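Beneath this line is the structure, given in structure tokens, with notes to follow.
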Amino acid sequence: MKMEYAYRLPGIGEAVLNERDKKYLDFVTEKQLLSETLWKSFTDVFRTKADDVDLGWRGEYWGKMMRGGCLVYRCTADKRLYAVLKGAVLALLDAAEADGRISTYSRSLECAGWDIWCRKYVLTGMLHFCDICDDNKLVERILDAMELLLERIIERVGTGAGQVPITETSNFWLGVNSCSILEPVLDLYRRRTKERFLAFASYIIETGGCSGGDLIALALNDDILPFQYPENKAYETMSFFEGVLAYYEVTGEEKYLRAVQNFTERVFETDITLIGCAGCTHELFDNSADKQTEYAETIMQETCVTVTWMRLCAKLFLLTGEQKYADRIERSALNALFGSVNLFDQKITMPKSGEVRSPLPFDSYSPLFMNSRGRGIGGLKHFSDGTFYGCCAAIGAAGLAVFPLISSLREPGNKAWELSAYKRNGRIAFTYGPYVLARDSVKENADIRLPVFPKQKDGRLCFTLLPPEAGECLRILLETDTGKILLTDYASCGKRWADHGGILSVWLPCER
Ligand SMILES: [Zn+2]
Numbered sequence: 198m199k200m201e202y203a204y205r206l207p208g209i210g211e212a213v214l215n216e217r218d219k220k221y222l223d224f225v226t227e228k229q230l231l232s233e234t235l236w237k238s239f240t241d242v243f244r245t246k247a248d249d250v251d252l253g254w255r256g257e258y259w260g261k262m263m264r265g266g267c268l269v270y271r272c273t274a275d276k277r278l279y280a281v282l283k284g285a286v287l288a289l290l291d292a293a294e295a296d297g298r299i300s301t302y303s304r305s306l307e308c309a310g311w312d313i314w315c316r317k318y319v320l321t322g323m324l325h326f327c328d329i330c331d332d333n334k335l336v337e338r339i340l341d342a343m344e345l346l347l348e349r350i351i352e353r354v355g356t357g358a359g360q361v362p363i364t365e366t367s368n369f370w371l372g373v374n375s376c377s378i379l380e381p382v383l384d385l386y387r388r389r390t391k392e393r394f395l396a397f398a399s400y401i402i403e404t405g406g407c408s409g410g411d412l413i414a415l416a417l418n419d420d421i422l423p424f425q426y427p428e429n430k431a432y433e434t435m436s437f438f439e440g441v442l443a444y445y446e447v448t449g450e451e452k453y454l455r456a457v458q459n460f461t462e463r464v465f466e467t468d469i470t471l472i473g474c475a476g477c478t479h480e481l482f483d484n485s486a487d488k489q490t491e492y493a494e495t496i497m498q499e500t501c502v503t504v505t506w507m508r509l510c511a512k513l514f515l516l517t518g519e520q521k522y523a524d525r526i527e528r529s530a531l532n533a534l535f536g537s538v539n540l541f542d543q544k545i546t547m548p549k550s551g552e553v554r555s556p557l558p559f560d561s562y563s564p565l566f567m568n569s570r571g572r573g574i575g576g577l578k579h580f581s582d583g584t585f586y587g588c589c590a591a592i593g594a595a596g597l598a599v600f601p602l603i604s605s606l607r608e609p610g611n612k613a614w615e616l617s618a619y620k621r622n623g624r625i626a627f628t629y630g631p632y633v634l635a636r637d638s639v640k641e642n643a644d645i646r647l648p649v650f651p652k653q654k655d656g657r658l659c660f661t662l663l664p665p666e667a668g669e670c671l672r673i674l675l676e677t678d679t680g681k682i683l684l685t686d687y688a689s690c691g692k693r694w695a696d697h698g699g700i701l702s703v704w705l706p707c708e709r
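Sequential numbering from 198 applies to the sequence shown in the numbering used here.
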């Protein structure tokens with residue numbers, strides 16, 4: 198069936214970029230996407246079956262970064278980037294086995310751990326490259342290779358004799374990670390309409406996405422909330438629902454759109470925090486909308502979650518044209534995502550090796566209450582040469598591109614920005630337009646743990662807008678009963694965590 202879309206994603210070079218967008222796109226291009234060393238590391242793991250050692254996810258990096266690279270290229274039309282991406286595609290095609298299998302797992306260990314997840318990202322990355330590729334012959338070669346890649350999965354995964362059910366192909370998260378291959382399976386089906394591919398997608402849909410319950414039925418019934426689902430891993434679950442949306446786009450069956458919209462609204466209501474990410478307990482849905490005011494010793498607000506939330510909202514925006522999805526993308530980009538970008542060249546000492554190096558281009562976790570950035574590298578895996586990478590660093594580029602691509606389509610807003618305070622659980626937070634504000638102990642050189650009692654005049658907060666300093670978008674002096682406090686945009690706070698330490702906080706105590 199022919200699906201009607203409200204908007205089409207801008208083509209190569211069509212997106213309208215402002216100076217801020219260019220700054221971030223240039224940063225990720227230079228620091229990451231043009232690195233042939235990195236692409237070689239990400240490709241070599243397929244040749245050496247590097248994930249055999251711990252049933253790991255080194256095989257996700259290539260496809261995640263390729264998707265990001267292709268979306269960034271869509272924005273910038275940078276020919277150098279195209280050449281590097283094309284080289285990486287050719288190198289991975291060469292790493293395919295004789296029967297077309299492409300995996301970082303040996304056959305004796307395949308369909309376990311994160312194998313299907315990693316192959317999902319190969320499909321995803323390759324199909325994104327097809328969208329920007331200027332060589333029809335190469336597109337056909339890639340699609341041939343992706344057909345073989347998928348055939349090798351379909352013959353091993355299912356309910357037939359000698360096959361492994363898709364929800365049993367991983368011992369993590371009840372198999373939802375594997376089931377998220379749904380989206381690129383349908384993407385390939387749209388390009389090569391083989392009924393076997395649609396049947397495989399329908400089989401994944403019938404499993405409901407995990408071994409512990411039918412996630413689609415749960416979303417349709419709308420009785421329990423995403424943080425109460427049988428598995429609550431935020432990133433992988435959203436990634437599965439991206440696939441459910443793709444199933445709607447192919448079949449036109451309205452209930453799948455309804456399931457995704459229900460899921461998305463409940464995530465928004467119960468788990469998306471002020472900065473536009475989810476999960477305040479590790480990387481899990483956990484009713485973060487409420488928990489975001491608490492101090493968390495553990496990691497929280499994973500960058501992979503930010504980007505996947507933005508992507509899910511982007512798909513719903515293109516499909517429905519509803520501006521609320523673009524607003525949510527903006528909130529996530531300006532706050533959680535931009536905050537995670539390690540713009541400054543700092544030096545960190547690695548805990549085990551003592552090696553001194555720069556942080557990865559993206560931080561993995563974002564604090565909300567009295568904590569610092571740089572709290573660990575999510576999805577960390579080492580390569581055989583001792584170097585390493587992380588899941589969030591590999592996904593970030595996609596977010597930096599999705600934001601301007603979608604912003605280019607939205608209707609211009611003319612609402613005046615206001616400082617309006619949010620109160621929850623005895624804490625207070627401030628936003629100005631789409632920006633979340635925070636206190637930063639280094640910028641203020643003050644104890645930011647002390648409670649604040651904002652002054653009001655005629656029901657309005659009393660504040661002064663100051664010229665932003667380098668790296669900032671907003672600088673506000675807020676009058677309180679005990680003097681003025683400095684609030685600046687969240688993304689600019691705590692950025693020199695490796696050099697200066699210090700803490701930042703979105704939520705501030707406000708009770709005596
Ligand atoms: Zn991550």
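For glycine and all other residues, C-beta sits at the position ideal for the given N, C-alpha and C.
Computed from a prediction, not measured in an experiment: that's the story for all the values here.
Check: residue i C-beta below 8 angstroms from any heavy atom of ligand 1
i: C588; result: yes
i: Y432; result: yes
i: G576; result: yes
i: C330; result: no
i: S561; result: yes
i: T478; result: no
i: C712; result: Any question about residue 712 goes unanswered here, given that the chain covers just 198 to 709.
i: I472; result: no
i: H592; result: Rather than His, the amino acid found at residue 592 in this sequence is Ile. Because some heavy atom of ligand 1 lies under 8 angstroms away, the Cβ of I592 counts as near it: yes.
Run of the beta strand (DSSP E) containing residue i, from where it starts to where it stops
i: R621; result: 616-621
i: G680; result: 680-686
i: E676; result: 672-677
i: D637; result: 632-637
i: I625; result: 624-629
Status (buried if at least 16 other CB within 10 Å, exposed otherwise) for residue i
i: V703; result: buried
i: Q425; result: exposed
i: R318; result: Here residue 318 turns out to be Tyr, not Arg, going by the sequence shown. With 16 or more Cβ atoms within 10 Å of its Cβ, Y318 is classed as buried.
i: A533; result: buried
i: D384; result: buried
i: W311; result: buried
i: W614; result: exposed
i: Y202; result: exposed
i: A295; result: exposed
i: R244; result: exposed
i: F470; result: For the sequence presented, residue 470 should be read as Thr rather than Phe. Answer is buried; the Cβ neighbour count reaches 16.
i: T301; result: buried
i: N429; result: buried
i: Q653; result: exposed
i: G583; result: exposed
i: Y492; result: exposed
i: K612; result: exposed
6 angstroms CB neighbourhood of residue i in its chain, flanking five on each side removed
i: T273; result: L222
i: H579; result: F585
i: I592; result: K261, C501, V504
i: R636; result: I645, S702
i: G576; result: G587, C588
Cut-off 7 angstroms between Cβ atoms - residues of its own chain near residue i, not counting five sequence neighbours on either side
i: F397; result: I351, V382
i: R264; result: T321, G322, H325, A595
i: A475; result: A431, V464, D468, I469, F482, S485, V502, W506
Simplified DSSP assignment, three categories, for residue i
i: P609; result: coil
i: P651; result: strand
i: T245; result: helix
i: I299; result: coil
i: T364; result: helix
i: L481; result: strand
i: I401; result: helix
i: K692; result: coil
i: I545; result: strand
i: A475; result: strand
i: F585; result: strand
i: N374; result: helix
i: E499; result: strand
i: V441; result: helix
i: P381; result: helix
i: L509; result: helix
i: Y152; result: The question about residue 152 has no answer, for the chain in this structure spans 198 to 709.
i: N568; result: strand
Limits of the unbroken alpha helix (DSSP H) element including residue i
i: F660; result: That residue, F660, is in no alpha helix (DSSP H); its beta strand (DSSP E) goes 660-663.
i: D223; result: 216-225
i: K334; result: 333-351
beta-carbon residue i near ligand 3 non-hydrogen atom, thresh 8 angstroms
i: I603; result: Among the ligands present in this structure, namely ligand 1, ligand 3 is not found.
Contacts around residue i, its chain only, beta-carbon distance under 8 angstroms, and the 5 residues preceding and following it disregarded
i: G698; result: S569, V639
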